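Each number in the working numbering comes from the position in the sequence shown (counting from 1) with 362 added on. Using N, Cα and C, we set each Cβ at its ideal position, and we do this for glycine too. Treat the numbers as computed from the prediction; the structure is a model and nothing was measured. Everything on this sheet refers to the single structure shown next.
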Amino acid sequence: MSLVELKIDRIQYSETQTGAYVLFLSEPVTHKKLPIVIGGLEAHAITIGLEKDLIPQRPLTHDLMKSVMENYGIRLKKIIINKFDQGIFYALLITEKDGIEKAIDSRTSDAVAMAVRFDAPIYCENSVLEEAGIYLPSENISENADHEDAEQTKEEDFDFDLDNLLKEIDDITKPLSDFEEDEENPNLSEYDKLVLNIFGESPLPYTKKEIEKMLEAAIEEEQYERAAQLKKLLDLMP
Numbered sequence: 363m364s365l366v367e368l369k370i371d372r373i374q375y376s377e378t379q380t381g382a383y384v385l386f387l388s389e390p391v392t393h394k395k396l397p398i399v400i401g402g403l404e405a406h407a408i409t410i411g412l413e414k415d416l417i418p419q420r421p422l423t424h425d426l427m428k429s430v431m432e433n434y435g436i437r438l439k440k441i442i443i444n445k446f447d448q449g450i451f452y453a454l455l456i457t458e459k460d461g462i463e464k465a466i467d468s469r470t471s472d473a474v475a476m477a478v479r480f481d482a483p484i485y486c487e488n489s490v491l492e493e494a495g496i497y498l499p500s501e502n503i504s505e506n507a508d509h510e511d512a513e514q515t516k517e518e519d520f521d522f523d524l525d526n527l528l529k530e531i532d533d534i535t536k537p538l539s540d541f542e543e544d545e546e547n548p549n550l551s552e553y554d555k556l557v558l559n560i561f562g563e564s565p566l567p568y569t570k571k572e573i574e575k576m577l578e579a580a581i582e583e584e585q586y587e588r589a590a591q592l593k594k595l596l597d598l599m600p
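Have a look at this one:
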């Protein structure tokens, strides 16, 4: 299991989903962000946990859980965001008592709310960060990023539709190297083999620059699941 430690960057109101918030977890070295959509109650619980001087008159659910665990000698060692599937993040609470560790399944928002109360580190599977992590447009460290173009680029500006391709990529469970070879072009790249097997022809008229602009537009519009799909496509493109 390859883990990356993340820090809470910020919580902000979602401009696209009514009543929802976005929790941004950040990788300190690369500044890559993991955006997690959470509800208002969860955002409140995390915020209260971060403000150590702010003590509610009566214990909140996560405060009560912490008290119960401490009274029974259970320590929260860390949390791990271990899975990302169909736009949903999954997490584990790693607890310890008398030298015995246990992993407990948890909603990611609840896991983070517990982590801030125990001052426990937040870890993420590297594969999850690679798949769902993003660079926010204002913080993109890529030399090829063209922020001014990205601010004005919306997906509808393009004449082609990637929905089917992105869905097919998400559904792939076998290595790309297992795809059938093209007898006429035996040296196709993995991306071209993917396109060939899905659509029956290759290549498609998508440039890497156009996909990068779509990715930045998706991030600006808080379409994080689609952004993760577009990033996956970029990773496949030569």
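Within this structure, are the beta carbons of residue i and residue j separated by less than 8 Å?
i, j, result
"S388", "N488", "no"
"I573", "L598", "no"
"V384", "V399", "yes"
"T423", "Y452", "no"
"I496", "Y375", "no"
"L491", "L592", "no"
"D486", "I443", "Note that residue 486 is Cys in the sequence shown, not Asp. Result yes, Cβ atoms of C486 and I443 sit closer than 8 Å."
"L438", "A477", "yes"
"K594", "E493", "yes"
"L454", "I462", "no"
"G381", "G402", "yes"
"T457", "I484", "no"
"I581", "A589", "yes"
I need the DSSP call for residue i, collapsed to helix, strand or coil.
i, result
"L454", "strand"
"A482", "coil"
"L364", "Note that residue 364 corresponds to Ser in the displayed sequence, not to Leu. In this structure, S364 counts as coil in the three-state DSSP scheme."
"I467", "First, the amino acid is wrong: residue 467 is Asp here, not Ile. Residue state, collapsed to three classes: strand."
"A580", "helix"
"D447", "strand"
"L438", "strand"
"F541", "Its pLDDT being 47, under 50, F541 is placed unreliably by the model, and the measurement read from it follows with that caveat. Coil at F541, not helix or strand."
"M599", "coil"
"E563", "Because the pLDDT of E563 is 49, which lies under 50, any placement of that residue in the model is unreliable, and the number read from its coordinates should be weighed accordingly. It is coil, neither helix nor strand."
Can a CB atom of chain D be found closer than 8 Å to the CB of residue i?
i, result
"T380", "The structure shown has no chain D; it contains just one protein chain."
Just checking my contact of residue i with residue j at CB under 8 Å: how many whole Å lie between their CB atoms?
i, j, result
"T409", "I373", "6 Å"
"P390", "K414", "No, P390 and K414 are not in contact; Cβ-Cβ is about 21 Å, not under 8 Å."
"E404", "A482", "The pair is not a contact, with the Cβ atoms about 17 Å apart (cut-off 8 Å)."
"T378", "E583", "6 Å"
At 4 residues or longer, and completely inside the region 369–436: list those alpha helix (DSSP H) runs for me, N to C.
-> You should have 402–412 and 423–433.
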